[in-house]
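*Asks:* Take 283 as the starting number for the sequence shown in our numbering and just add one per residue.
In this text, a Cβ means the ideal position worked out from N, Cα and C, and glycines have one as well.
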Amino acid sequence: MAGRIAIIVLAAGESRRLGRAKQLVKLGGASLVRRAVQTALAAASVNPGARSGAALHGVASAAEVLVVLGAHGDAVRNELTGLPVRFVENPDYSQGMGTSIRAAVAAVQAYDSAILMPCDQPQLSPEILLSLMQNRVAHGAAAVACDYGGGVMGPPTLFGRELFDELQAIPPDSGAKVVLQRHRDELRLVSFPGGAIDIDTPADLP
Numbered sequence: 283m284a285g286r287i288a289i290i291v292l293a294a295g296e297s298r299r300l301g302r303a304k305q306l307v308k309l310g311g312a313s314l315v316r317r318a319v320q321t322a323l324a325a326a327s328v329n330p331g332a333r334s335g336a337a338l339h340g341v342a343s344a345a346e347v348l349v350v351l352g353a354h355g356d357a358v359r360n361e362l363t364g365l366p367v368r369f370v371e372n373p374d375y376s377q378g379m380g381t382s383i384r385a386a387v388a389a390v391q392a393y394d395s396a397i398l399m400p401c402d403q404p405q406l407s408p409e410i411l412l413s414l415m416q417n418r419v420a421h422g423a424a425a426v427a428c429d430y431g432g433g434v435m436g437p438p439t440l441f442g443r444e445l446f447d448e449l450q451a452i453p454p455d456s457g458a459k460v461v462l463q464r465h466r467d468e469l470r471l472v473s474f475p476g477g478a479i480d481i482d483t484p485a486d487l488p
């Protein structure tokens, strides 16, 4: 699987601020987690190297979509019935986001790079994920994040395998941003103003 990209949907959270399983909240007739996985699968079906005209590192496409399970794991798994994904169990999800990132990265050690994406960004499109991939393909970027505007950046984020060890060393209650900040000088950004819109509290629901 060398030279290929994994897309990882982080869906293990307890959704404490929302008060119910965020992953299963319906938006436009589909749950947030199913929408996120379908977006990831759509991006995984496209060859970013062909789109960019580059072949650096031999990246051909996203080889696999993985979903990290934790809280509400059985319900999330059932919600994704029929979709070609691989599940990664995170028994330590209650300790924080860092545990899900570490579990995910441990599962993709054979890949060239990995995209980490949440399941609660309703405006995320396959094109955004492809832009992240193309930055790896065309420029060999070690890290690519999304620029929400106003100096704010966040997920989805792509990390090259050269940063996998750092991701696996982040504290349980931390996110991947600590690694991005460490490599800010070499970080590439993809414009995604809609990334600032996510579902965290009841007030965020349409």
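What's the C-alpha gap between Gly442 and Ala396?
*Replies:* Approximately 7 Å, taken between the alpha carbons.
*Asks:* Take the Cβ of Lys304 as the centre, count every other Cβ of all protein chains shown within 10 Å, and call the residue buried at 16 or more, exposed below.
*Replies:* So Lys304 ends up on the buried side.
*Asks:* What residues are listed by DSSP as bridge partners for Pro459?
*Replies:* Checking the sequence, you will find Lys at residue 459 rather than Pro. Looking at the DSSP assignment, Lys459 forms no beta bridge with any residue, so it has no partner.
*Asks:* Nearest to Gly500 by CA position, among Gly295, Phe474, Thr439, is which residue?
*Replies:* Within the shown structure, residues of the chain are numbered from 283 to 488, placing residue 500 beyond reach of any answer.
*Asks:* Quick check on Asp429: does DSSP put it in helix, strand or coil?
*Replies:* Reduced to three states, the DSSP call for Asp429 is strand.
*Asks:* For Ile397, which residues does DSSP report across the bridge?
*Replies:* Its beta-bridge partners are Ile289, Leu440.
*Asks:* Taking the alpha carbon of Ala389 as the reference point, which residue from Gln405, Leu406, Val367 has its own alpha carbon closest?
*Replies:* With distances taken between Cα atoms, Ala389 lies closest to Val367.
*Asks:* If you count every other CB in all the chains shown that lies within 10 Å of the CB of Ser376, and 16 or more means buried, which is it?
*Replies:* With fewer than 16 Cβ atoms within 10 Å of its Cβ, Ser376 is classed as exposed.
*Asks:* Can the beta-carbon of Leu440 be found closer than 8 Å to that of Arg418?
*Replies:* Yes, the Cβ-Cβ distance between Leu440 and Arg418 is below 8 Å.
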